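Asker: Counting with this note's numbering, you get residues 72 to 240 for the letters of the sequence shown.
We put the CB at the ideal spot given by N, CA and C, even for glycine.
These numbers were taken from a predicted model, which means no experiment stands behind them.
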Amino acid sequence: MSTSRTHRTHILFVCLGNICRSPLAEGVFRDVLEKDGLADSFHVDSAGTGAYHVGEPADPRSLQVARDHGVTLDGKARKVEPDDLDRFDHIVAMDRDNLRNLEAMKERHGGKAQLHLLREFDPEAHEGDLEVPDPYYGGPDGFQAVYSMIHRSCKELLQRMDSDPPRER
Ligand code: 4NP
C-alpha cells in the first residue's frame with residue numbers, strides 16, 4: 072500500500088438489519104487490515120437499509136462465528152443515511168435488495184460513493200450468484216458459510232483497493 076496516502080479510504084458495509092452480515096463484514100475487513108498493518112489507511116463502518124434493529128449489538132450468532140475466528144464485533148446497528156453517500160468512498164452491499172435500495176437513495180440524493188456487491192470480490196463466486204445470503208432465519212451453519220464468503224471477499228477487496236481500485240458496476 073502506498074505510504075503517500077493522505078485520504079483515508081472510507082468503506083461502509085451494508086445489509087438489511089445491520090446485525091448479522093454487515094457487522095461481520097466490518098469486523099472481518101478491519102481484522103484483515105490490522106493483520107496487514109493498514110488499519111490507519113481506512114475508515115470502516117456498517118449500516119442497514121432497515122431500521123428494525125437500530126441500537127442493537129450484532130446478532131449472537133454473528134458474534135459467535137466472529138469470536139471463533141478471533142474477530143471482535145463491537146458496533147451497534149444503525150440505518151444508512153443519505154449523508155453516507157457523501158461520507159464514504161465505497162459502499163459495499165451484501166445482496167441485490169440492499170444494492171437496489173442504495174441505488175435509489177443515490178438517485179434521489181446524489182453522492183460520490185461507489186456502490187458494489189461484496190461478492191463481486193469473492194474469488195469463488197459465480198457471476199449469477201453474487202449475494203451473501205441472509206442467515207437470520209437459519210442455523211449456525213449458515214453463519215459459518217456467510218463468514219467464509221465474507222472473509223474471502225474482504226481479502227480480495229483489500230488487494231483490489233491497492234492494485235486496481237474497484238469501480239461501480
Ligand atoms: P442482516 O440480517 O440483514 O444480515 O442483519 C437480518 C437481520 C434481521 C432481519 C432480517 C435480516 N429482520 O427481519 O429482522
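1) Is ILE82 helix, strand or coil when you go by DSSP?
2) Using DSSP with H/G/I as helix, E/B as strand and the rest coil, what is VAL142?
3) Tell me which residues share the same chain as LEU120 and place their Cβ nearer than 8 Å to its Cβ, disregarding the 5 neighbours each side in the sequence.
4) In this structure, how does DSSP classify GLY119 when only helix, strand and coil are distinguished?
5) So VAL217 is in the alpha helix (DSSP H); what residue range does that whole segment cover?
6) Would you say LEU95 and ASP155 are within 8 Å of each other, going by their C-beta atoms?
7) Are the beta-carbon atoms belonging to VAL136 and CYS225 less than 8 Å from one another?
8) Under a Cβ-count criterion, where at least 16 other Cβ atoms within 10 Å of its own Cβ denotes burial, should ASP139 be classed as buried or exposed?
Answerer: Judging by the given coordinates:
1) strand
2) coil
3) It is worth fixing the name first, because residue 120 is Thr in this sequence and not Leu. Correct list, in chain order: VAL85, CYS86, LEU87, LYS150, VAL151, ASP168, ASN169, ASN172 and LEU173.
4) In this structure, GLY119 counts as strand in the three-state DSSP scheme.
5) Element bounds for VAL217: 211–234.
6) no
7) no
8) exposed
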